[in-house]
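Let me begin by presenting the structure, written as structure tokens, before commenting on it.
2 protein chains.
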Amino acid sequence: MYHLVTMKTKRPTVYDVAREAGVSYQTVSRVINNKAHVSEVTRTRVLDAIKTLDFRPNRAAQLLQTERSNTIEVVLFYFGFNLFLYEMARSAQRLGYHFSISAITEQEFNRTLESARSRFVDGLIIVPMAPIAENYEELKRLTDGIPFVQVGANLGTDFPSVSYDQTHGAHLAAQHLINVGHRHIAEVSGPLQNHDAYDRHISWLDTLRDNGLRPGTSVEADFTIEGGYRAMSHLLDEDADFTAVFIGNDSMAIGAHSALRERGLRVPDDVSMVSFDDIPEAAHFVPKLTTVRQDFNLLGQMAIEYIVSMIDNPDIPVHQRILQPKLVIRESTCPPRT
Amino acid sequence: MYHLVTMKTKRPTVYDVAREAGVSYQTVSRVINNKAHVSEVTRTRVLDAIKTLDFRPNRAAQLLQTERSNTIEVVLFYFGFNLFLYEMARSAQRLGYHFSISAITEQEFNRTLESARSRFVDGLIIVPMAPIAENYEELKRLTDGIPFVQVGANLGTDFPSVSYDQTHGAHLAAQHLINVGHRHIAEVSGPLQNHDAYDRHISWLDTLRDNGLRPGTSVEADFTIEGGYRAMSHLLDEDADFTAVFIGNDSMAIGAHSALRERGLRVPDDVSMVSFDDIPEAAHFVPKLTTVRQDFNLLGQMAIEYIVSMIDNPDIPVHQRILQPKLVIRESTCPPRT
DNA sequence: TAATTATATGTGAACTCTCACAGTTATTCA
DNA sequence: TGAATAACTGTGAGAGTTCACATATAATTA
Chain F
33 MYHLVTMKTK RPTVYDVARE AGVSYQTVSR VINNKAHVSE VTRTRVLDAI KTLDFRPNRA
93 AQLLQTERSN TIEVVLFYFG FNLFLYEMAR SAQRLGYHFS ISAITEQEFN RTLESARSRF
153 VDGLIIVPMA PIAENYEELK RLTDGIPFVQ VGANLGTDFP SVSYDQTHGA HLAAQHLINV
213 GHRHIAEVSG PLQNHDAYDR HISWLDTLRD NGLRPGTSVE ADFTIEGGYR AMSHLLDEDA
273 DFTAVFIGND SMAIGAHSAL RERGLRVPDD VSMVSFDDIP EAAHFVPKLT TVRQDFNLLG
333 QMAIEYIVSM IDNPDIPVHQ RILQPKLVIR ESTCPPRT
Chain C
33 MYHLVTMKTK RPTVYDVARE AGVSYQTVSR VINNKAHVSE VTRTRVLDAI KTLDFRPNRA
93 AQLLQTERSN TIEVVLFYFG FNLFLYEMAR SAQRLGYHFS ISAITEQEFN RTLESARSRF
153 VDGLIIVPMA PIAENYEELK RLTDGIPFVQ VGANLGTDFP SVSYDQTHGA HLAAQHLINV
213 GHRHIAEVSG PLQNHDAYDR HISWLDTLRD NGLRPGTSVE ADFTIEGGYR AMSHLLDEDA
273 DFTAVFIGND SMAIGAHSAL RERGLRVPDD VSMVSFDDIP EAAHFVPKLT TVRQDFNLLG
333 QMAIEYIVSM IDNPDIPVHQ RILQPKLVIR ESTCPPRT
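Line by line, the protein sequences are chains F and C. For what it's worth, this note's numbering labels the leading residue of the first sequence as 33, then goes sequentially. For what it's worth, this note's numbering labels the leading residue of the second sequence as 33, then goes sequentially.
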């Protein structure tokens with residue numbers, strides 16, 4: 033009994049195409065790279081030869097020579113923003129880049145960067161959980177010349193980054209609760225090592241202080257539904273005195289709502305909630321969530337555009353691209369009972 | 033005024049390492065590939081040289097020679113399963129592969145495969161919306177020898193695939209509604225060109241027939257929240273006679289619930305709902321969703337494991353890996369009013 | 001028309017690694 | 001101890017492309 037051996041048919045090379053078209057291999061190279069100095073006649077002749085031989089340039093050989101892979105790699109330190117992976121992939125492709133993912137822990141960062149370098153990744157999108165370096169120079173040294181863009185705020189540092197203005201967003205959210213009449217406001221924050229979460233937390237604190245209010249209890253959670261559930265349960269055990277909660281994202285709000293409901297508390301009647309993100313579920317939850325809207329697709333798209341512009345022009349001045357979030361008021365907030 | 037020119041310092045090669053260690057370049061190659069026939073002494077000597085020179089093998093040159101990129105690429109035809117991208121990325125890395133994404137439309141499929149081939153992608157994970165080929169041979173011809181695994185059912189065909197048994201899952205769901213006492217059951221299906229959605233639809237039909245019931249109105253939607261909302265609105269306009277709805281996934285159920293609520297109908301009191309997936313939100317929605325659970329992380333992991341085993345052993349017999357979903361009964365279903 | 005320039009095409013070399021094979025030394029066994 | 005075998009190490013060649021340069025032809029200008 034035989035089994036099929038897939039005969040490894042040798043693929044045609046530039047030389048084969050050159051012979052077929054009656055030109056030199058260099059001319060073929062010029063054609064496949066859309067370079068100048070090729071007459072229309074020979075160009076079409078080469079193109080025809082490419083078609084008849086079903087020639088595809090060998091990327092490995094090109095890579096060896098050019099040291100450019102046309103690849104953008106996103107380095108994910110946590111399973112947070114995966115929402116925008118699809119959109120990033122599409123944006124990258126639109127701009128002529130391949131898109132690859134490394135989902136890593138902090139210990140793997142160095143190895144990942146080394147690998148990226150040896151594969152000639154052209155640009156990096158970094159989505160950190162916690163800060164990954166002290167300053168731009170240090171991170172630049174780590175990536176060894178590969179341009180990178182960070183997603184998410186990194187307050188006080190000078191990385192090239194795209195982010196939403198969390199301070200502003202959190203102010204909007206907290207001030208809304210206060211304007212509606214709340215005086216006892218608790219918090220379920222995201223992990224405070226994360227800059228976005230930290231900025232929201234600080235801005236919550238600041239907004240309360242500026243309004244002459246003392247902050248309620250704050251519990252730190254992990255951005256997940258379950259985490260939100262646990263944090264709210266904990267909060268209710270500690271201090272049931274609040275009439276509103278400021279929550280680090282919609283997922284945690286959904287979990288927190290479960291915990292409230294379990295104890296017979298209703299949103300917004302007994303407790304108001306504001307959160308962040310405006311995930312698709314937010315507008316259809318019961319109650320519909322009042323939330324600070326952030327468009328992750330847009331953020332992902334901007335990250336790709338920024339990194340591509342850095343690749344094309346290494347001398348582009350480093351800057352931060354910051355989007356302003358909007359507060360979307362829905363059903364999860366109302367004035368407190370009197 | 034000068035500006036910093038990043039001096040392209042030439043990276044060390046196997047030759048440099050060989051000189052440093054006092055051996056031949058071939059020995060260096062043996063060491064970096066963990067091959068046999070290298071004495072412990074020379075191995076450590078080479079390793080030391082690698083360390084002092086900070087040598088990293090040039091993947092492009094290796095690729096040119098070996099024609100293996102150690103890359104698995106996932107080809108996404110729609111933004112559905114992105115839930116498991118993170119898990120797939122991690123699984124791939126655990127097994128020593130890089131992970132890249134192509135998010136494409138059907139027209140781009142051929143170009144994507146050509147690109148994959150010229151980049152020496154080792155394996156493909158295909159997540160189709162609609163069927164992409166008639167049979168295994170055809171698809172094998174398209175991918176030109178690159179092994180692939182399809183995610184999702186492809187009933188009647190013989191692709192290597194990982195999927196959940198939708199027929200079984202849908203039977204569980206429909207039978208549950210019937211067992212609880214429903215006789216008028218409508219449907220909001222996923223896009224019927226999608227095999228998973230189609231299987232659920234047919235199984236819904238079959239289960240009703242086997243129970244001697246006539247199917248209610250069925251509306252096709254697109255797996256999104258908004259789509260579910262529109263479909264349910266449409267359904268309510270057409271035929272308000274049903275007491276339960278069979279819904280193609282949790283997202284659409286959440287949208288459908290909004291539409292019901294808008295018309296003053298309550299779930300499950302007025303209308304029962306079953307759906308599919310058990311997304312994290314499902315257990316925390318109001319009402320908690322009765323749903324057919326599918327573990328996408330597991331599915332992604334299995335897809336990676338399957339493709340890696342195909343890469344390692346091309347003669348592995350083609351088969352389908354099928355998981356059985358479970359019905360999770362929560363709050364969105366109850367007996368109909370009498 | 002000769003000199004100058006622009007355009008088109010070709011040749012040699014290099015990019016860095018691995019494969020195939022050859023040669024050398026160490027080990028085993030009768 | 002000598003032959004056979006195993007383990008180790010080295011050399012030549014080539015993988016398929018692009019870069020730098022050289023040459024040939026055509027277009028432009030004085």
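By construction, the Cβ of each residue, glycine as well, lies at the ideal position given by its N, Cα and C atoms.
Tell me, to the nearest whole angstrom, how far the beta carbon of C:Val303 is from that of C:Leu292; I am working on the premise that it is less than 8 Å. Counting from one through the second sequence, the residue named residue 303 of chain C turns up at place 271. Counting from one through the second sequence, the residue named residue 292 of chain C turns up at place 260. Contact holds; Cβ gap of about 6 Å.
At least 3 beta-carbon pairs within less than 8 Å: the stretch 73–92 of chain F vs the stretch 146–163 of chain C: yes
What does the Cβ neighbour count give for C:Arg295, buried or exposed, with the cut at 16 atoms within 10 Å? Within the second sequence, residue 295 of chain C is the residue found at index 263, counting from 1. C:Arg295 comes out exposed.
Residue range of the alpha helix (DSSP H) that includes F:Leu321: Counting from one through the first sequence, the residue named residue 321 of chain F turns up at place 289. Unbroken run through F:Leu321: none, as it is neither H nor E.
Are the C-beta of C:Phe274 and some C-beta of chain F separated by less than 8 Å? Taking the second sequence and counting its residues from 1, the one referred to as residue 274 of chain C is at position 242. Not one chain F Cβ lies under 8 Å of C:Phe274.
Less than 8 Å separating the beta-carbons of C:Ala185 and C:Asp228? Within the second sequence, the letter at position 153 stands for residue 185 of chain C. Within the second sequence, the letter at position 196 stands for residue 228 of chain C. Yes, these two residues count as a Cβ contact at 8 Å.
Answer yes or no: the CB of C:Lys320 versus the heavy atoms of the ligand MN, is any distance below 7 Å? Among the components of this structure there are no ligands whatsoever, and the ligand MN is therefore not found.
Give the single residue among C:Gly248, C:Gly201 and C:Glu252 whose Cα lies nearest to the Cα of C:Arg325. Here the question's residue 325 of chain C lines up with position 293 in the second sequence. The shortest C-alpha separation from C:Arg325 is found at C:Gly201.
Taking only beta carbons into account, state which residues of the stretch 280–303 of chain C come closer than 8 Å to chain F, listed in chain order. Ser283, Ile286, Gly287, His289, Ser290 and Arg293
Which complete alpha helix (DSSP H) runs does the stretch 225–290 of chain C hold, if anything under 4 residues is left out? 227–242 and 257–270
Does F:Gly222 pass the burial test, meaning 16 or more other C-beta atoms within 10 Å, or should it be called exposed? By 1-based counting over the first sequence, the position of residue 222 of chain F is 190. Buried, by the Cβ-count rule.
At least one CB of chain C closer than 8 Å to the CB of F:Val46: is that the case? As a position in the first sequence, residue 46 of chain F is number 14, starting the count at 1. No, its Cβ sits nowhere closer than 8 Å to a Cβ of chain C.
Nearest neighbour of C:Asp310, chosen from C:Lys172, C:Arg362, C:Arg353 and C:His289 [CA to CA]: Numbered from 1 along the second sequence, position 278 holds the residue referred to as residue 310 of chain C. Comparing Cα-Cα distances from C:Asp310 to each of C:Lys172, C:Arg362, C:Arg353 and C:His289, the minimum goes to C:Arg362.
Go to F:Ile157, then tell me how far its beta strand (DSSP E) extends in each direction, as first and last residue. Position 125 of the first sequence, counting from 1, holds the residue named residue 157 of chain F. Unbroken beta strand (DSSP E) run through F:Ile157: Gly155 to Val159.
Backbone CA spacing between F:Asp176 and C:Asp48 [nearest angstrom]: On the first sequence, residue 176 of chain F is found 144 positions in, with the first residue counted as 1. On the second sequence, residue 48 of chain C is found 16 positions in, with the first residue counted as 1. In a straight line, the C-alpha of F:Asp176 is about 20 Å away from that of C:Asp48.
What number of angstroms, rounded off, separates the C-alpha of F:Arg215 from the C-alpha of F:Ser283? By one-based count along the first sequence, residue 215 of chain F stands at place 183. By one-based count along the first sequence, residue 283 of chain F stands at place 251. In a straight line, the C-alpha of F:Arg215 is about 24 Å away from that of F:Ser283.
Same chain only: Cβ atoms within 6 Å of C:Tyr168, ignoring 5 sequence neighbours per side: In the second sequence, counting from the first residue as 1, residue 168 of chain C sits at position 136. Result list for C:Tyr168: Asp190 and Phe191, in chain order.
Shorter than 8 Å from the beta carbon of F:Val318 to some beta carbon of chain C? Counting from one through the first sequence, the residue named residue 318 of chain F turns up at place 286. Output row for F:Val318: interface = yes.
Taking the alpha carbon of C:Asp344 as the point to measure from, which residue in C:Thr370, C:Arg100 and C:Leu96 has its own alpha carbon closest? One-based indexing of the second sequence puts residue 344 of chain C at position 312. Per the Cα distances, C:Arg100.
When you compare the stretch 324–343 of chain C with the stretch 105–124 of chain C, are there three or more beta-carbon pairs, one atom per stretch, that lie closer than 8 Å? yes
Please classify C:Gln356: does DSSP put it in a helix, a strand, or coil? Counted from its first residue, the second sequence places residue 356 of chain C at position 324. Residue state, collapsed to three classes: coil.
Hey, out of F:Glu219, F:Val220, F:Pro160 and F:Leu204, whose CA is closest to F:Pro195's CA? Sequence index remark: in the first sequence, residue 195 of chain F carries index 163 (1-based). Position check: residue 195 of chain F holds Ser in this sequence, whereas Pro was assumed. Considering only alpha carbons, the answer is F:Pro160.
Could you spell out the range, first to last residue, of the alpha helix (DSSP H) harbouring C:Ala335? For the purposes of this step, residue 335 of chain C is taken as the residue at position 303 of the second sequence. Where C:Ala335 is concerned, the enclosing alpha helix (DSSP H) stretches over Phe328 to Asp344.
Could you tell me which whole alpha helix (DSSP H) segments of length 4 or greater appear in the stretch 162–193 of chain C? 168–175
With 8 Å set as the bound, which would you pick, yes or no: does the beta-carbon of C:Pro163 sit closer than that to a beta-carbon of chain F? Against the second sequence, residue 163 of chain C aligns to sequence position 131. No, C:Pro163 does not count as interfacial toward chain F.
Tell me whether F:Ser71 is buried or exposed, calling it buried when 16 or more other Cβ atoms sit within 10 Å of its Cβ. Here residue 71 of chain F is taken as the residue at index 39 of the first sequence, counted from 1. Exposed.
Between the stretch 345–361 of chain C and the stretch 271–286 of chain C, are three or more C-beta pairs nearer than 8 Å? no
Helix, strand or coil at F:Arg51 according to DSSP, with G and I counted as helix: The residue given as residue 51 of chain F occupies position 19 in the first sequence. Three-state result, F:Arg51: helix.
Three-state secondary structure assigned by DSSP to F:Ser221: Here the question's residue 221 of chain F lines up with position 189 in the first sequence. Strand, per DSSP.
With H, G and I counted as helix, E and B as strand and the rest as coil, what does DSSP make of F:Pro367? Reading the first sequence from its first residue, position 335 is the one you call residue 367 of chain F. F:Pro367: coil per DSSP, three-state reduction.
Using a Cβ-Cβ cut-off of 6 Å (strictly less than) and excluding sequence neighbours within five positions of C:Gly248, which residues of its own chain qualify? Position 216 of the second sequence, counting from 1, holds the residue named residue 248 of chain C. Answer for C:Gly248: His216, Ile217, Ala218 and Phe274, listed in chain order.
Taking the C-alpha atoms as reference points, what is the distance between F:Leu267 and F:Ile257? The residue given as residue 267 of chain F occupies position 235 in the first sequence. The residue given as residue 257 of chain F occupies position 225 in the first sequence. F:Leu267 and F:Ile257: Cα-Cα distance of roughly 15 Å.
Could you list which residues in chain C have their beta carbon closer than 8 Å to that of F:Gln125, in chain order? Numbered from its first residue, the first sequence carries residue 125 of chain F at position 93. Ordered by position in chain C, the residues that pass the 8 Å Cβ test against F:Gln125 are Ser134, Ala135 and Ile136.
Reducing DSSP to helix, strand and coil, say where C:Met33 ends up. Against the second sequence, residue 33 of chain C aligns to sequence position 1. Unreliable placement is indicated for C:Met33, whose pLDDT of 28 sits below 50; no coordinate value is reported for it.
Are C:Val183 and C:Ala335 touching if we call contact CB-CB under 8 Å? Position 151 of the second sequence, counted from the start, is the residue given in the question as residue 183 of chain C. Position 303 of the second sequence, counted from the start, is the residue given in the question as residue 335 of chain C. Yes, they are a contact pair.
Of all the options F:Val318, F:Leu171, F:Arg298 and F:Asp197, which has the alpha carbon lying nearest to the alpha carbon of F:Lys358? The residue you call residue 358 of chain F lines up with position 326 of the first sequence. Of the candidates F:Val318, F:Leu171, F:Arg298 and F:Asp197, the one whose C-alpha sits nearest the C-alpha of F:Lys358 is F:Asp197.
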